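Colleague:
In the UniProt record's numbering, the protein residues as written are 1 to 323.
1. Can you name, in chain order, every residue of its own chain whose Cβ lies under 6 Å from the Cβ of residue 55, other than the five neighbours on each side?
2. Let's see if you can read the secondary structure: which residues bound the beta strand (DSSP E) around residue 47?
3. Taking all protein chains shown into account, decide if residue 197 is buried (16 or more other Cβ within 10 angstroms of its Cβ) or exposed.
4. Helix, strand or coil: how does DSSP classify residue 109 here?
5. With distances taken from CA atoms, which of 258, 236, 98 and 83 is nearest residue 31?
6. Rounded to whole angstroms, what's the CA-CA distance from residue 158 to residue 51? Just pull it up for me.
7. Sort 147, 202, 139 and 180 by Cα distance to residue 170 and report the nearest one.
8. Please determine if the region 212-229 and the region 251-267 are in contact, where contact requires at least 3 C-beta pairs separated by less than 8 Å.
9. If I measure Cβ to Cβ from residue 34 and keep anything under 8 Å in the same chain, skipping five residues before and after, which residues do I get?
10. In terms of alpha-carbon separation, which member of 190, 122 and 69 lies closest to residue 92?
11. What residue range does the alpha helix (DSSP H) around residue 68 cover?
12. Taking 7 Å as the limit between beta carbons, can you name the residues of its chain near residue 68, skipping five residues before and five after?
13. Return the first residue and the last residue of the alpha helix (DSSP H) that residue 152 is part of.
14. Would you please state the rounded distance, in angstroms, between the beta carbons of residue 150 and residue 86? I believe it to be under 8 Å.
15. Would the beta-carbon of residue 53 be found less than 7 Å away from any heavy atom of the ligand ATP?
16. Could you tell me whether the region 127-135 touches the region 99-112, using the rule of 3 or more Cβ pairs below 8 Å?
17. Give the range of the alpha helix (DSSP H) segment to which residue 204 is assigned.
18. Determine the contact status of residue 118 and residue 184, defining contact as a CB-CB distance below 8 Å.
19. Three or more beta-carbon pairs under 8 Å between the region 204-211 and the region 137-146, yes or no?
20. How many Å lie between residue 115 and residue 154 at the Cα?
21. Among residues of its own chain, excluding the 5 on either side of residue 66, which ones have a beta-carbon nearer than 7 Å to its beta-carbon?
22. Which of helix, strand or coil does DSSP assign to residue 104?
23. What distance in whole Å lies between the Cβ atoms of residue 245 and residue 229, which are believed to be in contact at a cut-off of 8 Å?
24. Please report how far the alpha carbon of residue 235 lies from the alpha carbon of residue 248, in whole angstroms.
25. With a CB to CB cut of under 7 Å and the five nearest residues on each side skipped, what residues in its chain are close to residue 214?
See below:
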């Protein structure tokens, strides 16, 4: 009696199942770097914000297989890295294997819209992982510095008609005290000064300067230079030169600088074009005064001295006939 009840119960449960749930799980074939991966597309729906989650979600608007029914995806991503990506969809962790660089895994995550941080990535090379995380942090931090500190200085220069800007980043404790009668002789008076200890510390690292340069380039700026240079802060002493001329010695500190341009016609502002206009005045002053003039002689072409050395007589004249 008990066995029969179980069979009846199983029959009722089977009837209650939807037609779709009775079907075997759907399988799709993904072609990545010449390797076939047969997976259940429902695996990707757990992360709908990723590229694969959108491709194989309920809509599937922009997913089309090739003539063999395979989906060619993730162009430029190796098969070994894609296996790591599949493990992420199964367990939520990207375990970077030996022989795969963290930068390659990072590029794959950016392409597939997978969040790359310490909550999702594990690898043995902590230095490489922290480097990538620092690049992310530096980009976010410089975006704040750019909008709050750098852009206002650039706008101020633009409102004065400038097409470029040279910004020196000083610390909050730096004091600039110049002698107005004897300023530094290197053109520092044309530099813009920005006081920010946080930005000064940010630019200490060359990797941060590279991130900032790439971000400025993305924003359409040109001729970008970011580095460290000496900047005069205060006068140290005055030397007297023969003839009564004095030389002022300044104290210099090493500080970061940003140099950039938003000039559209770059290269054309470095010189001035002068057009040659044909004069409408009388070409011969003596003729205008009514004086008789000699017939103009035909001028022979000018011969360079080097031509004379190579060919003593480049334009030989015909010899006179013998008497």
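Yeah, the Cβ is synthetic: ideal placement off N, Cα and C, and Gly gets one too.
Predicted model only: the values in this text are computed from it and were never measured.
Modeller: According to the structure data:
1. 63
2. Element bounds for residue 47: n/a, residue is neither H nor E.
3. exposed
4. helix
5. 83
6. 41 Å
7. 202
8. yes
9. 79
10. 122
11. Note, residue 68: premise wrong, no alpha helix (DSSP H); not H, not E.
12. none
13. 151-159
14. Going by Cβ atoms, the distance from residue 150 to residue 86 rounds to 42 Å, so no, they are not a contact pair.
15. In the structure shown, the ligand ATP is absent, as is every other ligand, since no ligand is present at all.
16. yes
17. Taken as a continuous stretch (DSSP letters only), residue 204 belongs to no alpha helix (DSSP H), as it is neither H nor E.
18. no
19. yes
20. 34 Å
21. 72
22. helix
23. Rounded, the Cβ-Cβ distance is 27 Å, inconsistent with contact.
24. 7 Å
25. none
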